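K.L.:
Dumping the structure here so I can ask a few things about it.
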Ligand SMILES: Nc1ncnc2c1ncn2[C@@H]1O[C@H](COP(=O)(O)OP(=O)(O)OP(=O)(O)O)[C@@H](O)[C@H]1O
Ligand SMILES: Nc1ncnc2c1ncn2[C@@H]1O[C@H](COP(=O)(O)OP(=O)(O)OP(=O)(O)O)[C@@H](O)[C@H]1O
Ligand SMILES: [Mg+2]
Ligand SMILES: [Mg+2]
């Protein structure tokens, strides 16, 4: 495994028509964060508390790894928690509250829902604990910086590749991993949005939601069976994408293009052997690392940029083994 | 004079069973009417029709004091002045005695609020009035069947009804309580009221009833005035043949070999220093008043309840009984007095219940021998004359007495060396009773050691070679059958606590 | 209230487990030994606890309610519809009664399905669970709803007593209400009777269908209170949440000593059951135990707590 | 096998609901009326169905198993450990028996907790559910595991009969096995007796503790088969999955007419119950119904199916 601190940010092939709302995630904005030796070392007693959006999926484990790496490097204790799944807002807020109760040196927070968090956030503010947002934005002035992937733009990127691969026509189905969370929505809407504006000849079916492989496979299969003219299926996270591949195989129909998101061994295998055309990856390890580094800087009282992009990238059979891609893939 | 109650042309059909066919019945004001019939004759069903629990088939009529009524449900029946003590206990085990007494009763609450202190006081007053000694605060689940039955009786009497039905109220009671009950019945009867009394105990019928109506196979046979006939005649109306019974056992104990020996048995709660033995082929009767501890002895020996001290020997070998499975393996069978709770599987069929204790003989390598089960089930149903359309009938759909026969069959099929029968003829009709006595005799001839616990003294005298009498958790004496009379048994059964202590000291 | 105390003391067993767990964390979890942590625990367990109070009645009848989790979310979504201002902007004085009525209505549907149609409670409430989940998503357009109305938020998160969130008071008051309902009214009496022996209860002349329905209505009302506490804490509803909460609710009841077979129920136990679960969650997190280990530890502690409870209960009756 | 047919016919009621639902979709869901869709439905319901077969025994005793969902995941993770090659690379001939033994072991723990410690099944299996979930995550390091072993995948997704996934055959065979176990062996007989009246069964000299334990072991073995079908379909396990599956499993059993009160059970019904749920899912999806509405429709259809079942059963016994 490589250290994210030294690995370059994934290339961000950002489409020009990205909505203004999504913060510009160019490599330049993220560059300063990882540079320089101006990150002071801790004394090993202080804790940085990360409240993420989950802990059970490999993605979050990778974020945790990155965070722990930075913690080790700069001598901070890292505590990492997250709710059971991305609908459990209350559970997350309870965890955030408990994080606050433990009086950490800084808090990193990936809000499932910003609106809901307002109360606890103001308590954090009152306790004068510096806070860093990661993964998705926290809609408030409180976070000193946001370390994030632009999911909307990433999904647009997936759509763009899908359109190219299917020759800009035909029916495309979406298996989205979650209907209500910010990430889930952005990864679906970004895809739909791009198709609508750029590929008028592609018919996008109403998205179906499935966060588990089995369900995703059944869903993809049913979609293909009900729509014999389908040419492509998009899965919005590891489970949805893996399921989409399996559903396609089981449907027995040839020539369906599957585009996915995130990584994982089965997905990587599927890309290598051509069952999946390609996928978008984020940089979870880097995200964790940057979050902790930003937190340490905040503890130190340094100024931070508004947004720290952890980036995303399209990968397929051709670039899957490129070092800067491989660093962000996990099995 | 108009009748207090008339039932005309009542029929009731269950799937596969015609329980009642065109039955008529009438009750005069101021009388106790006995209702007799074999197990499954339809007595309980008729009473359930009367009290609105079953809807009869088309054409049935119920007349109350010359007015035709249609009984809609339990509450309506109660409004009409009809109440019933069911054959099966209908108590809510997790509520207290007082709470049960006033459950679902008008005036038991004020605006939805219940006042347990008041319920307890009212219940206490009621028990005092009826001369019963029951703690209103006890949970029903902690009471013996007999005590639960007393609570049922108190509840029925407290309704101020015009017509009261008692479906085998004394099945769980001993002589003393039965006498007390008769006192209450006499108090209940006024020129405005009437009572229908169902029992399989003919002496009671003779003592308490004015007239007796008889059912057989769901049909009305006739009504007689009690004092004008001999009980024999009623019995032959019931069973359609003569039943003659002896008063004493016909067999003698041949062997000296002790099959079951119990030494120094005692429990925390009640029992102290119980010692007895039963020889091969011997029937040892246990007599005593309600709560004397006979059931507790049986349950301890069988491993159903924990004992504090005491050793149990079967055929001279000490056995380690920690649970019922150990006892059964050692060759002890126990027929419980509370069949609904401890005896039967209500939603399983007759054949499954019949072989439940003997499954080791009905499987090969874990595979169940259904053919054999059916054959044996049918064989024993026939032997014990269980009234049923087939052995596939669920136990819940049998009449009470027939359920009891199936439980007996269960232990006969298991073929134990030592059998403990706790109230074996509870709810069983006279004909069948005689059959069961015959069976017990037969079993003792085969060399089985048998303990019979019974609250009916004539029964104890009829079957036992020897009789152990209990009071307050102690055995107060043994009597040989030849020496035993109802009087000297009662004498031993009523030994006071103080005397007991005196003899023990 | 002597009865209340007596019954509480009988429950001292599970309570002992709670105390033991609490003391353990006071010693081993940094920053745990503060009064505000205790208050947090009560506040955070309040919505599950309140729903568990209602579920105690259902379980007393021998029934089960799987719809409390998603049903709570649906009620909260309706609160959003009534009071968030995007659809309606009712004053809380009107909105709250409507929300409670809606909870009662869901309970009524469950009750009718069970007592009139004769459906098994598991099926009837499972169906309601699915329907409620679907409706939450449909009505909210699958977006979270913010109920900014400060009055609404005050109900759960305001502090009539400084330092003590109202949610805690409401939980306490509802616990007393539930205790009285269970022990001092016909509703509780009949619920227990039905759970103990439904047939005997019917033959006693109790209108079993009616009272069973009322029990589910009661549970629905408690679910509505749960929804108010849940959504009022953050002024926020996430329409996909609530799945799986029903198991937490039932677990609180069962840990508290109420038997799923019906006939016996214990309100104090239910409260303690809810607190045990939340204390474990908070304490293990503050100890810094990895989250996957928290699951394992919670499972084992629940086993032990209930086992000890059973043991001591046995010993108590044996004496 | 005459008994099998007879018992199936008695079950024709739920079966009628399945047929009705199926015909409805044949008419209204585009492309539904193809044999491969029917096969898909059976294949996709296989893992839930197989676990439901085992759960039928547990429910027959009046118990409940909440650990089947995450327990299945844990077993699947263990399959990964044994056969994925990252940890161990056992041949399937050794790995599969180990996996099944592991399922049996989980069942044994449940069984001992329930029958020896006397814990309520709800609590014992809830604890197991939590522990299994935690262990799945810990053992797998919270990563999905790929079991690329083609032999392993062949078990579930190969086709001994061309066009028919093995999962379907396995489901069928296990259904027959379960039917025989329930109706023709001591295990089934005692399970029903315990569910019917545990005390009376004990007093008949049956070693209730032993047989109850064996029932949970049996359920564990069926969970292991479910895990093999589930993970073998994709050769892939996600350690966070399985939460909530237990409700689907229990629902299949209850829809099939087995009473949660115990004492009665029906294997054919369980199979039909699992198929009904999956047919609804597939059909509604192929009709293109929005997913939130699918939930609502599924809830209502389940209600109706069970209600009709009850009605017809009543009528059948009334005649
Ligand atoms: N719910 C039921 N379903 C089917 N058959 C029934 C049902 N209840 C009673 N029976 C049948 O009706 C007949 C009459 O039963 P009933 O209980 O009235 O007899 P009984 O005269 O009270 O007998 P016992 O003296 O044994 O109590 C019996 O053959 C019994 O099997
Ligand atoms: N006054 C009483 N109130 C409540 N329970 C009592 C009373 N007297 C005795 N008991 C209980 O009755 C039980 C002993 O009765 P047991 O069933 O062994 O007696 P029995 O001789 O078989 O009488 P029966 O079965 O006719 O009641 C004990 O558990 C004892 O606690
Ligand atoms: Mg009768
Ligand atoms: Mg007795």
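Residue numbers (this note's numbering), protein chains in the order written: chain A, 176 to 506; chain B, -12 to 492; chain C, 120 to 438; chain D, 120 to 438. All residues carry an ideal CB built from backbone N, CA and C; glycine is no exception. These numbers come from a predicted model, not from an experiment.
For a test of your reading of the model: does the CB of residue 4 of chain B fall under 7 Å from any non-hydrogen atom of ligand 1? Yes or no.
P.N.:
Residue 4 of chain B: yes, Cβ under 7 Å from ligand 1.
K.L.:
Could you check the C-alpha separation between residue 253 of chain C and residue 412 of chain D for me, to the nearest Å?
P.N.:
About 6 Å.
K.L.:
CB-CB under 8 Å to residue 408 of chain A, same chain, minus the five flanking residues each way: which ones, in chain order?
P.N.:
Excluding residues within five positions, the ones whose Cβ falls inside 8 Å are 347, 348, 349, 350, 395, 398, 399, 419, 422, 423, 431, 432, 433, 434.
K.L.:
Reducing DSSP to helix, strand and coil, say where residue 461 of chain B ends up.
P.N.:
Correct three-state label for residue 461 of chain B: strand.
K.L.:
Can you give me the start and stop residues for the beta strand (DSSP E) that residue 254 of chain A sits inside?
P.N.:
252 to 256 is the span of the beta strand (DSSP E), which, as asked, contains residue 254 of chain A.
K.L.:
Starting from the Cα of residue 389 of chain C, find the closest Cα among C:359, C:301, C:400, C:236 and give me that residue.
P.N.:
Ranking the options by Cα distance to residue 389 of chain C, first place goes to C:301.
K.L.:
Is the region 343 to 360 of chain C in contact with the region 136 to 148 of chain C, if contact means three or more CB pairs nearer than 8 Å?
P.N.:
At 8 Å Cβ cutoff, the stretches do not touch.
K.L.:
Using the C-alpha atoms, what's the distance from residue 209 of chain C back to residue 282 of chain A?
P.N.:
Each residue's alpha carbon lies about 38 Å from the other.
K.L.:
Determine the contact status of residue 341 of chain B and residue 384 of chain B, defining contact as a CB-CB distance below 8 Å.
P.N.:
Contact: no.
K.L.:
Go through the region 408 to 479 of chain B residue by residue and report every complete run of the alpha helix (DSSP H) that reaches 4 residues or more, in order.
P.N.:
Qualifying alpha helix (DSSP H) stretches, in chain order: 417 to 432, 444 to 450.
K.L.:
Taking 7 Å as the cut-off, is the C-beta of residue 386 of chain B nearer than that to any heavy atom in ligand 3?
P.N.:
Because some heavy atom of ligand 3 lies under 7 Å away, the Cβ of residue 386 of chain B counts as near it: yes.
K.L.:
Tell me which residues share the same chain as residue 431 of chain C and place their Cβ nearer than 6 Å to its Cβ, disregarding the 5 neighbours each side in the sequence.
P.N.:
Cβ neighbours of residue 431 of chain C beyond the five flanking positions: 132.
K.L.:
Under 7 Å: does the beta carbon of residue 276 of chain C sit that close to some heavy atom of ligand 1?
P.N.:
False, no ligand heavy atom lies under 7 Å from that Cβ.
K.L.:
Tell me whether residue 360 of chain A, by its Cβ, gets closer than 7 Å to a heavy atom of ligand 1.
P.N.:
No, ligand 1 has no heavy atom inside 7 Å of this Cβ.
K.L.:
How about residue 220 of chain A: is its C-beta nearer than 8 Å to some C-beta of chain C?
P.N.:
Not closer than 8 Å to any Cβ of chain C, the Cβ of residue 220 of chain A fails to qualify, so no.
K.L.:
Could you tell me the boundaries of the alpha helix (DSSP H) in which residue 417 of chain A lies?
P.N.:
Its alpha helix (DSSP H) spans residues 413 to 426.
K.L.:
Considering only DSSP beta bridges, list what residue 253 of chain B is partnered with.
P.N.:
Residue 253 of chain B is bridged to B:296.
K.L.:
Which whole-angstrom value describes the C-beta separation of residue 241 of chain D and residue 158 of chain D, a residue pair presumed to lie in contact below a C-beta threshold of 8 Å?
P.N.:
Rounded, the Cβ-Cβ distance is 36 Å, inconsistent with contact.
K.L.:
From the DSSP secondary-structure annotation, give me the bridge partner or partners of residue 350 of chain B.
P.N.:
According to DSSP, which records beta bridges pairwise, residue 350 of chain B is partnered with B:355.
K.L.:
Straight-line CA distance for residue 400 of chain C to residue 417 of chain C?
P.N.:
About 8 Å.
K.L.:
Rank B:101, B:227, B:159, B:153 by C-alpha distance to the C-alpha of residue 307 of chain C and give the top, closest one.
P.N.:
The shortest Cα separation from residue 307 of chain C among B:101, B:227, B:159, B:153 belongs to B:101.
K.L.:
So, under 8 Å CB-CB, residue 176 of chain B and residue 17 of chain B are touching, yes? Tell me the CB distance rounded to an integer number of Å.
P.N.:
Contact flag correct, Cβ pair sits at about 6 Å.
K.L.:
At a cut-off of 7 Å, would you count residue 200 of chain B as near ligand 3, judging by its Cβ distance to the nearest heavy atom?
P.N.:
Answer for residue 200 of chain B: no, Cβ out of range of ligand 3.
K.L.:
Based on the DSSP output, what are the partners of residue 153 of chain B in its beta bridges?
P.N.:
B:72, B:184.
K.L.:
Just tell me which of C:294, C:313, C:361 has its CA closest to the CA of residue 188 of chain C.
P.N.:
Comparing Cα-Cα distances from residue 188 of chain C to each of C:294, C:313, C:361, the minimum goes to C:361.
K.L.:
Alpha carbon to alpha carbon, what distance is there between residue 198 of chain B and residue 428 of chain C?
P.N.:
Whole-angstrom Cα-Cα distance: 58 Å.
K.L.:
Regarding residue 552 of chain B and ligand 3, is the C-beta to nearest heavy atom distance less than 7 Å?
P.N.:
Outside the displayed span of chain B (-12 to 492) sits residue 552 of chain B, for which this structure offers no information.
K.L.:
When you compare only the Cα positions, how much space is there between residue 134 of chain C and residue 220 of chain C?
P.N.:
Roughly 34 Å between the two C-alpha positions.
K.L.:
For residue 136 of chain B, is the classification buried or exposed, using 16 other Cβ atoms within 10 angstroms of its Cβ as the cut-off for buried?
P.N.:
Buried.
K.L.:
Taking C-beta to C-beta, are residue 205 of chain B and residue 7 of chain B nearer than 8 Å?
P.N.:
Yes, Cβ-Cβ distance for residue 205 of chain B and residue 7 of chain B is below 8 Å.
K.L.:
Starting from the beta carbon of residue 230 of chain C, find every residue of chain D whose beta carbon is closer than 8 Å, and list them in chain order.
P.N.:
None at all; the shortest Cβ gap to chain D is about 14 Å.
K.L.:
Can you look up residue 221 of chain A in the DSSP assignment and give me helix, strand or coil?
P.N.:
Three-state DSSP puts residue 221 of chain A in coil, outside helix and strand.
K.L.:
Rounded to the nearest angstrom, what separates residue 484 of chain A and residue 392 of chain D at their Cα positions?
P.N.:
Cα-Cα distance, rounded: 50 Å.
K.L.:
Which runs of the alpha helix (DSSP H), 4 residues or longer, sit entirely within the region 222 to 277 of chain C?
P.N.:
Correct list: 240 to 259, 269 to 276.
K.L.:
Could you name the residues of chain A that residue 409 of chain D contacts, counting a contact when the two beta carbons are closer than 7 Å?
P.N.:
Within chain A, the residues near residue 409 of chain D are 381.
K.L.:
What separation, rounded to the nearest whole angstrom, lies between the Cα atoms of residue 80 of chain B and residue 142 of chain B?
P.N.:
Computed Cα separation, rounded: 15 Å.
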